[in-house]
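Worksheet for the structure shown next.
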Amino acid sequence: MAVGKHAQGTKRDRSNENFKKKWSTLKKNSLNIHQIYDAEVYVCIRRRGEKYEFKSTEKALPLSDEEKNESFPPPVLVTAVDVADERSNKKNSTWGKDQEGALCVGSPSTGLERSSPIDIEDT
Numbered sequence: 051m052a053v054g055k056h057a058q059g060t061k062r063d064r065s066n067e068n069f070k071k072k073w074s075t076l077k078k079n080s081l082n083i084h085q086i087y088d089a090e091v092y093v094c095i096r097r098r099g100e101k102y103e104f105k106s107t108e109k110a111l112p113l114s115d116e117e118k119n120e121s122f123p124p125p126v127l128v129t130a131v132d133v134a135d136e137r138s139n140k141k142n143s144t145w146g147k148d149q150e151g152a153l154c155v156g157s158p159s160t161g162l163e164r165s166s167p168i169d170i171e172d173t
């Protein structure tokens with residue numbers, strides 16, 4: 051029986067395959083945003099010396115610094131750190147629960163109040 055080179059417990063590097071899947075998904079999602087919301091979409095990725103671009107239109111995207119400064123409202127810039135922080139805040143969110151995990155109601159301005167069961171009586 052022949053033993054393959056991967057049979058010794060080493061995992062194959064699938065990063066290129068995984069990247070191509072993610073890139074394909076990103077292109078499809080970008081096209082959907084363009085078609086459904088009538089938005090101009092531009093995505094650019096540089097990876098290992100190669101550049102991957104998606105343009106929903108032939109207009110000059112990305113915006114030059116001059117165009118960014120002239121636009122109002124100013125463009126929304128989101129960085130990887132912003133997205134990572136947003137994710138961790140959602141995972142660690144305890145809003146609406148007290149220390150024991152009981153449901154609470156309220157608002158940031160009024161604070162949380164512990165909820166209690168409500169009895170409904172026939173009148």
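Going from the sequence shown to this note's numbering is simple: count from 1 and add 50.
Note that CB positions come from ideal geometry on N, CA and C, so glycine has one too.
Bear in mind that the values here come from a model prediction, so they are computed numbers and not experimental data.
| query | Helix, strand or coil: how does DSSP classify V133 here? | reply | Reading the sequence shown from its first residue, position 83 is the one you call residue 133. In the structure shown, V133 sits in a helix (DSSP, three-state: H, G or I).
| query | What residues in its chain sit with their C-beta under 6 angstroms from that of C94, if we drop five residues either side in the sequence? | reply | Within the sequence shown, residue 94 is the residue found at index 44, counting from 1. Taken in chain order, the residues that qualify are E103.
| Where S114 and S74 are concerned, what is the direct C-alpha to C-alpha distance, given to the nearest angstrom? | In the sequence shown, residue 114 corresponds to position 64, counting from 1. In the sequence shown, residue 74 corresponds to position 24, counting from 1. C-alpha separation (whole angstroms): 26 angstroms.
| Going by the CB atoms, is the gap between S106 and S138 shorter than 9 angstroms? | Looking up residue 138 in the sequence shown gives position 88. Looking up residue 106 in the sequence shown gives position 56. Taking 9 angstroms as the Cβ cut-off, S138 and S106 do not qualify as a contacting pair.
| query | Quick one: Cα of R98 to Cα of R64, how far? | reply | Here residue 98 corresponds to residue number 48 of the sequence shown, with the count starting at 1. Here residue 64 corresponds to residue number 14 of the sequence shown, with the count starting at 1. Approximately 15 angstroms, taken between the alpha carbons.
| said: Quick check: the Cα distance between P112 and Y92, rounded to an integer number of angstroms? | reply: On the sequence shown, position 62 is the one that residue 112 refers to. On the sequence shown, position 42 is the one that residue 92 refers to. If you take the alpha carbons of P112 and Y92, they lie about 6 angstroms apart.
| message | Using DSSP's beta-bridge definition, name the partner residues of K185. | response | Outside the displayed range of the chain (51 to 173) lies residue 185, so it cannot be described from this structure.
| request: Using the DSSP secondary-structure output, state which residues sit across from E100 in a beta bridge. | output: Within the sequence shown, residue 100 is the residue found at index 50, counting from 1. DSSP lists R97 as the bridge partner or partners of E100.
| said: Can you give me the C-alpha to C-alpha distance between A130 and E136, rounded to a whole angstrom? | reply: Taking the sequence shown and counting its residues from 1, the one referred to as residue 130 is at position 80. Taking the sequence shown and counting its residues from 1, the one referred to as residue 136 is at position 86. Their Cα atoms are separated by approximately 10 angstroms.
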